[in-house]
Amino acid sequence: MPTRFDRSAILSVIDGERRRFAATHPASERLARDSRGHFLAGVPMHWMSDWGTPFPLFVASAEGVTLSDADGHRYVDFCLGDTAAMFGHSPAPVAAALARAAPHGLSTMLPSPDAPAVGRLLAARFGLPVWQLTATATDANRAAIRWARALTGRGRVLVFDGGYHGTVDDTFVRLDHGRTAHRPGLIGQQADLTRHSVAVEFNDLAALEAALAAGDVACVLTEPGLTNCGMVLPQPGFLEGVRELTRRHGTLLILDETHTLSTGPGGWGRQAGVDADMLTVGKAIAGGLPAAVYGMSAEVASRAETLLATKEAGHSGLGTTLSANLFTLAALRANLEAVATPAAYLHMTGTASYLAHRLSELIARRHLPWCVTQIGARCEFQFSPSPPATAREAAAAMDGELSLALHLFLLNRGVAITPFHNMMLCAPATTREHVDTLATALDAAIAALAGTAA
Ligand code: PMP
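Numbering (the numbering used here), first residue to last: 4 to 457.
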């Protein structure tokens, strides 16, 4: 068994799997044709066409961890809307709350009686006392950055190389040969983001300290572990160091727990005992409905209240019309009370550990120079013998064609995993049998790439 696959074998698997997909998905193909004329790239959001299939897969319904497509095929879903559906598709308590709420008003610009309960639930769960709602994690991060600048009177934002925080201009920088540069691929980017944003290597406290020393950084915005460039976990002491340095330099620490909500009910920071000044989380927080929240410490909240009390008239630059609507509050409450429970996390994390074990066993048996990383309910295999410590190492471990070959092979065997990298999530409805299905299909994919029997 080779430890690396021939490029020609990878391309041949991609070609074969794309043909197989095309032959078995006539209804999706018809829907793609019908959508083509009226949507950019033929889809309601342009990157829905980036899964590598010859045309997009059209989903007819999604329940628990089962996707059913327009052709009637069923898939075990380990992508789970890239975390939005981490608690399963349409969790029953959320669906019931929405059905109850829907006839009584969707958006009013006013709070509903669910508001106090949601505030209490968020405070108890994440350990920060004061909260605001937005429609997306992108918007939560944008708002947190704006507050940080307002409260510190400083202009610069620091993010780590390889981090992703949504479509927030201030965060679209990376390290290029040691210097902060724009991330590639940004459409229509005109402003020079490097004037107000700085990128630093993850797991490099010395570089962080050097960047904070000038005293002009309003906030450090980071995921506790990077999940969007392949997984990059913090080395022991790194997060504590980030906390200590930000405190020492008067910089606010904002933890983006949107993906690391997979760690446990209160996210990674809570579990690790790292107290953020602000915290943002979206995607799964309301069970998959567009909703996000950001929280602040008592000290930050008191400074923000003072600012609001003395603010001059005019737009604040924060908040959008549809945020915090009645419907969303109902979903948030149901999700926090009845879905994202400690018992659910116990199951999700246990299943993900079983998945990590099955993947590690497969990798060892097939002598592959790959590794497996787990963050609670989230698991990823990477094409490097040990987990990367920086985004640069994670990028070096990426192989887009190899991932695509594996993903297409799995999709054609009824298993969906997240495109672009090799990330899988376990929901409350994910079973060990589902994991076995994935492991068996992945083993067959590897055999196909290696030209051996499964
Ligand atoms: N933060 C993190 C850590 C994310 O991974 C993402 C999306 N992948 C976002 C924020 C933005 O989420 P949304 O696209 O729902 O606004």
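Glycine included, every Cβ here is placed at the ideal spot set by N, Cα and C. These numbers were taken from a predicted model, which means no experiment stands behind them.
Straight-line measurement puts the Cα of Glu302 at about 22 Å from the Cα of Glu315. Sixteen is the threshold: since fewer than 16 other Cβ atoms of the shown chains lie within 10 Å of the Cβ of Ile190, the residue is exposed. According to the DSSP assignment, Asp80 belongs to the beta strand (DSSP E) that extends over 77-80. When rounded, the separation of the alpha-carbon atoms in Leu248 and Leu441 is 42 Å. The beta carbon of Glu204 lies closer than 8 Å to those of Phe163, Asp164, Leu178, Ala210, Thr393, Ala394, Arg395 in the same chain, with the five residues before and after it left out.
Ranked by how close their Cα comes to the Cα of Ser319, the residues Ala63, Glu20, Ala146 have Ala146 in first place. Judged by the Cβ position, Ala279 fails to qualify as a neighbour of the ligand PMP at the 7 Å threshold, every heavy atom of the ligand being at least this far.
The beta carbons of Ile17 and Leu411 sit about 6 Å from each other, so the pair counts as a contact at 8 Å. Relative to the ligand PMP, Glu226 has its C-beta within less than 7 Å of a heavy atom. Thr230 places its beta carbon less than 8 Å from that of His262. The residue among Thr139, Thr323, Gly272, Thr352 with its C-alpha nearest the C-alpha of Ala287 is Thr139. In terms of CA proximity to Thr283, Gly169 leads the group Asp173, Gly169, Asp85. Under the Cβ criterion (8 Å, minimum of three pairs), the segment 83-103 does not count as touching the segment 236-250. The alpha-carbon separation between Arg123 and Gly130 amounts to approximately 10 Å. For Gln274, the three-state secondary structure derived from DSSP is helix. Within the same chain, and ignoring the five residues on either side of Leu335 in sequence, the residues whose Cβ sits closer than 7 Å to its Cβ are Val121, Ile288, Ala289, Ala294. In terms of CA proximity to Trp150, Asp280 leads the group Ala333, Gly55, Asp280.
For Ala448, the closest of Arg435, Gly158, Val418 by C-alpha to C-alpha distance is Val418. Non-local C-beta neighbours of Leu365 in its own chain, meaning closer than 7 Å and more than five positions away in sequence, comprise Ala442, Leu445, Asp446, ordered along the chain. Beta-carbon to beta-carbon, Leu428 and Arg381 are separated by about 5 Å, close enough to satisfy the 8 Å threshold.
In the DSSP assignment, Glu66 falls within the unbroken beta strand (DSSP E) covering 62-66. Relative to the ligand PMP, the nearest heavy atom lies less than 7 Å away from the CB of Ala140. The three-state reading of DSSP puts His350 in helix, counting H, G and I together. Proximity to Cys232 across Leu407, Asp80, Ala398 peaks at Ala398, based on C-alpha coordinates. With a cutoff of 8 Å on beta-carbon distance, Thr27 and Asp80 are scored as not near each other. In the structure shown, the three-state DSSP call for Glu243 is helix. By the C-beta density criterion, Trp50 is exposed, having fewer than 16 other C-beta atoms within 10 angstroms. In this structure, the straight-line span from the alpha carbon of Leu224 to that of Glu383 is close to 23 Å. Pro47 has its alpha-carbon roughly 17 Å from the corresponding atom of Asp72. In this model, Leu60 and Trp54 are separated by some 9 Å (Cα to Cα). Leu409 and Arg306 have their C-alpha atoms roughly 50 Å apart. Taking 8 Å as the cut-off, the Cβ atoms of Leu414 and Phe58 do not count as close.
If you check the CB distance, Gly298 and Val133 come in under 8 Å. For Tyr167, the distance from the CB to the nearest heavy atom of the ligand PMP is below 7 Å. For Ser200, the uninterrupted beta strand (DSSP E) segment begins and ends at 200-203.
A Cβ-Cβ separation of about 7 Å places Phe330 in contact with Leu101 under the 8 Å criterion.
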